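The UniProt record's numbering applies: residue 27 is where the sequence shown begins, and numbers increase by one.
The C-beta atom is built at its ideal place from N, Cα and C for all residues, glycine as well.
Fair warning: this is a prediction, and the values are worked out from it, not measured in the lab.
Read through the structure below, which is laid out as structure tokens, and then see the notes.
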Amino acid sequence: AIIRREDYQPFAWNVPETRLEFDLGLERTTVRATLKIARNPAAEPSPTILLNGDGLVPLSVMVDGEATPSWTVQNGDMILSLPGDAHTITIVNEIDPSANTQLMGLFASNGMLCTQCEAEGFRRITFFPDRPDVLSTYSVRMEGAKTQFPVLLSNGNMVETGESGETHWAEWQDPWPKPSYLFALVAGDLVANSDSFTTASGRKVALNIYVRDGDLPRTDHAMRSLIASMKWDEEAFGREYDLDLFNIVAVSDFNMGAMENKGLNIFNTKYVLADAETATDGDYDAVEGVIGHEYFHNWSGNRITCQDWFQLSLKEGFTVLRDQLFSEDMQSQPVKRIEDVRILRSVQFPEDSGPLAHPIRPDSFQEISNFYTSTIYNKGAEVIRMMRTMAGPDAFRQGTDLYFDRHDGEAATCEDFIKAMEDGSGLDLTQFRLWYSQAGTPKISVTLAHEGDTATLTLKQTVPPTPGQPAKYPMPIPLKIALFDRSSGMHDGQQLIVLDKEETTIAFTGFAEKPVLSVNRGFSAPVTVERDISRDDLVFLAARDDDPFARYEAMQDLVVGHLTAAAGDAGAAGLNDMESSAARRDIAAALRAILVDDGIDDSMRGELMMLPGQTYLAEQLSIADPARIHAAREGLKAWLGTELDAELSALYERVCAIPYSLDADARGARKVKTQALVFLAAGNPDKASRLAAAQYANADNMTDRQGALMVLTGMDGVARTNALIDFYRRYEGNELVIDKWFALQASSLHPNALEHVKALAGHKDFTLRNPNRVRSLYMAFAGSPHAFHAESGEGYRMIADLVLALDPMNPQTAARFVTPLGRWRRLEPGRAALMRKELERIAAASALSRDTYEQVTRSLG
Ligand code: ARG
Ligand code: ZN
């Protein structure tokens, strides 16, 4: 069934109070739910109430204390007839958490019990109006065996505990009304890292991060990140925490990254645990970012939630922007911005140009789990960031203040946010609302003409057609630009142009010579830019643009231009050799300058050294041949590695001397170290293999060790084998590190990577039951530059086999693996047909989940 945004109706009943009583057991948990309900005066009156259920069997149903015959269960949901205006409903049911392989609702993980309710998991625990606009205050009693479940947690504050014999119980109360998707419960044998935070107005908040016993030493970074988040949200957005307790629990079996349940965030261990020995610098950043993200949801998500799931980006887009700004303040602003743009381009842009494209506020869906996408999250964040760019930070803050103030305690809509932003900031967002309704990445073409003393800039936009949206209106596109004087290398200040028509022309006077144009600085709009610019001008900008993003972009464009020519249609026709080697020389010169520039820090240098990824390159071509893109990219890397051997080796040597710490300089050094090794390995494998083996052996931290292992894994030889064996032995039993071991092999450049993946699927540590492990092998594989796209189609077949095997167990995670197969439209005909064939094979399977069915049918188009 298709659910449509336009069909929204408020629920006929309010549920002011919810009481849940749990008798806990891994195989059998009994749930007794008591709902106080009253007619919602704002809705059409109804003689019945619909309580969602999924796989539940009621043991008893009572209304106002009497057993009642007037209920039925249809498609899992319970429908009760109700004569009056206010009632108390009591329902008892039983669930088996150990059989819950979907990991939605109440499930068992390593002997503990925990929940995941967003979006529609609560209905797998008890019958309830499981929709985000029904807000209720919850009181929870949980009882279980003392030895098995020494820790009993739920939302809000613990108000009472007690014991009798072998069992004990706890009573929790959450004073803040919330929708059911924010409910959480945890019971298990856990230990806590405890600290506290005093809010701006003087409330002392107890903080606990709960993990399994041996993991405690790896929770300090998460605690630091939590405290930093709480402080930052007070300063940057004026948001204070609103309970006396904030708990985080880390779980190994989790479909997503983490969940913002009120006062009891539940996390994938991947985003909690970190120490130097087992976590890379990237892992540290991810922990900080996700801890911030979930904490920030307390206001953007919990205090103000969503009216319906079509508004998901209201909380997710805004909260991603908030976590991005937080990380920018914690680390380096420009580097974080570049990283975020890289994610957007490698994940969201392909989504926007493929069969699953949807606006940040979709109009329909079959399964909401499929809409936790990069478009809702990352493009959603970019859309709000554009408002901030147009308003300026102060007016933007007035907009968010008004939003929080006006809608506190409500289930709101994207429109509410936009309106509050207009009223608070003074922006007119009438036309800007198109960003919420139109899918597809706008393309901007940019030309700069020069005559006399005038430079004339012409900007044109097109928004490409997407499924269900053949024609589009022009949108307001905020573009930051600067015009550089060629001889001085300076500009007279950056300007913000908002292109709100299909085409516009702007004249700039006072330029005796044609200036060099820097455009979409800071990535001010989430668009693709086709600029008519010479290689010389790109070299100019790559060397001296004072906007770090624009400098990175110039370097990227230089490489993209060369590689798409080599791997695209021009390449097929025989790339002009002279042109090609001139382009290579320009790239080498620009990269050389970057390697030796004292004016930039190593962290930024590491960004500037990164070649554009395979997916991003494929996006630039109308028809992509993955093998040719891979060959062109590797060819360039090898050539640069040889050409710049001296500079790369000197740089490598310098950064190897910097001792481990978490300081920005030392982190930057480690980033550059692996980047340099990657180029050296491509240019001179023997030498690099020696360097990498030494880096591996001498590493005193995971960043260096993983970087070295990645390079070795891509090569042949005994150094590779030894390192992989050593790594496995060293970290055997540490799930998160063994995930890295799987992922490195699955995504490696090794020519036999596909065979390796097949073998790893039979490894004793591989299991379909753990989503992190599944992703570490198969997501890494689906993102590999060559193995997934094997000409035989075997890579596609392996992913389709995975989808079919995983779907009955965990549909939510299975459906995520359909996406890589949806890229067929953009591939050369041979591979496109093989991919389609696999999609058709999945579609033909019987009893597919709603999740996978929706993704497969949309992908086939
Ligand atoms: N709200 C969570 C987060 O962003 C994600 C929950 C995802 N749940 C799901 N069923 N897909 O922070
Ligand atoms: Zn979120």
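With H, G and I counted as helix, E and B as strand and the rest as coil, what does DSSP make of L178? Reduced to three states, the DSSP call for L178 is strand.
Going by DSSP in three states, K288 sits in which element: helix, strand or coil? Residue state, collapsed to three classes: coil.
Short Cβ contact (8 angstroms threshold) for G244 with L299: Just to set this straight, residue 244 is Arg in the shown sequence, not Gly. In contact: R244 and L299 (Cβ atoms closer than 8 angstroms).
Own chain, CB closer than 6 angstroms to E539, minus 5 neighbours either side, in chain order: Excluding sequence positions up to five before and after E539, its CB lies within less than 6 angstroms of the CB of R512, all in the same chain and listed in chain order.
K486: which of T531, I684, G515, L617 sits nearest, CA to CA? Ranking the options by Cα distance to K486, first place goes to T531.
Is any non-hydrogen atom of ligand 2 found closer than 7 angstroms to the C-beta of E286, if you look at the structure I gave you? Under cutoff, so the answer is yes.
Measuring CB to CB, does M256 end up less than 8 angstroms from I235? No, Cβ-Cβ distance for M256 and I235 is not below 8 angstroms.
Any idea if A93 is buried or exposed, counting beta-carbon neighbours within 10 angstroms, 16 or more meaning buried? In this structure A93 is exposed. Its beta-carbon is surrounded by fewer than 16 other beta-carbon atoms within 10 angstroms.
Three-state secondary structure (DSSP) of P243: Assignment of P243 by DSSP, reduced to helix, strand and coil, places it in the helix class.
Sequence-distant residues of the same chain with beta carbon closer than 7 angstroms to A599, five excluded per side: With a pLDDT of 48 at A599, under the threshold of 50, the modelled position of that residue is not reliable, and the figure given next carries that caveat. Once the five neighbours on either side are set aside, A599 has no close Cβ partner at all.
Using a Cβ-based criterion (distance less than 7 angstroms to any ligand heavy atom), does G248 qualify as near ligand 1? It should be pointed out that residue 248 corresponds to Ala in this sequence rather than to Gly. Checking every heavy atom of ligand 1 against the Cβ of A248, none is found closer than 7 angstroms.
Our contact map puts P541 next to L509 with C-beta atoms below 8 angstroms; I'd like the distance itself, whole angstroms only. Beta-carbon to beta-carbon, P541 and L509 are separated by about 4 angstroms, close enough to satisfy the 8 angstroms threshold.
Beta strand (DSSP E) containing F566: first to last residue? F566 -> not in any beta strand (DSSP E); alpha helix (DSSP H) instead, spanning 561-570.
Give a single yes or no on whether H113 has its beta carbon closer than 7 angstroms to a heavy atom of ligand 2. Remark: the C-beta of H113 is outside contact range of ligand 2, defined as less than 7 angstroms to any heavy atom.
Span of the alpha helix (DSSP H) around W461: From DSSP, the alpha helix (DSSP H) with W461 extends over 460-463.
For N119, list the residues DSSP reports as bridge partners. Residue pairing for N119: DSSP places it in a beta bridge opposite V57, P84.
Within 7 angstroms: the Cβ of A789 and any heavy atom of ligand 2? Residue identity differs from the one stated: residue 789 is His in this sequence, not Ala. It does not: the Cβ of H789 is nowhere closer than 7 angstroms to a heavy atom of ligand 2.
Can you tell me where the beta strand (DSSP E) with F223 in it begins and where it stops? Where F223 is concerned, the enclosing beta strand (DSSP E) stretches over 217-224.
Who are the near neighbours of L584 in its chain, counting only those whose CB is closer than 8 angstroms to its CB and skipping five residues on each side? Same-chain partners within the cutoff: R561, L564, V565, A568, A609, D612, I613, A616.
Counting pairs of Cβ atoms below 8 angstroms between the region 330-346 and the region 399-413, do you hit three or more? Three or more Cβ pairs drawn from the region 330-346 and the region 399-413 lie within less than 8 angstroms of each other, which places the two stretches in contact.
At a cut of 8 angstroms, does the region 267-277 reach the region 179-195 through at least three beta carbon pairs? The region 267-277, when compared against the region 179-195, does touch it at the 8 angstroms Cβ threshold.
If we cut at 8 angstroms on Cβ distances, does R851 have a partner in chain C? Of the chains in the structure shown, none is chain C; there is only one protein chain.
I need the DSSP call for P360, collapsed to helix, strand or coil. Helix at P360.
Whole angstroms is fine: what's the gap from E53's alpha carbon to H323's? Near 32 angstroms, if we compare the C-alpha coordinates of H323 and E53.
Alpha-carbon spacing of S818 relative to I317, whole angstroms: Taking the straight line from one Cα to the other gives about 42 angstroms.
Should S715 go down as buried or exposed, given a rule of 16 or more other Cβ atoms within 10 Å for buried? Taking all protein chains in view, the Cβ of S715 is crowded by 16 or more other Cβ atoms within 10 Å, so the residue is classified as buried.
Span of the alpha helix (DSSP H) holding A769? Counting along the chain, the unbroken alpha helix (DSSP H) around A769 starts and ends at 761-772.
Please list, in chain order, all residues of the same chain as I369 whose beta carbon is under 7 angstroms from its beta carbon, the five residues on each side excluded. Hits under 7 angstroms: N404.
For the alpha helix (DSSP H) that contains F422, what are its first and last residues? Residue range 419-433 is occupied by the alpha helix (DSSP H) that includes F422.
Locate the beta strand (DSSP E) running through H476, then write down its first and last residues. Its beta strand (DSSP E) spans residues 469-477.
Can you tell me whether P419 is buried or exposed, with buried defined as 16 or more other CB within 10 angstroms of its CB? Counting of Cβ neighbours within 10 angstroms places P419 among the exposed residues, the total staying below 16.
Can we count residue 959 as close to ligand 2, meaning its CB is less than 7 angstroms from some heavy atom? Nothing about residue 959 can be reported from this structure: the residues present for the chain run from 27 to 887 only.
Whole angstroms is fine: what's the gap from L82's alpha carbon to T488's? In this structure, the straight-line span from the alpha carbon of L82 to that of T488 is close to 50 angstroms.
Counted within 10 angstroms of its Cβ, other Cβ atoms place A785 as buried (16 or more) or exposed: Taking all protein chains shown into account, A785 has fewer than 16 neighbouring C-beta atoms within 10 Å of its C-beta and is therefore exposed.
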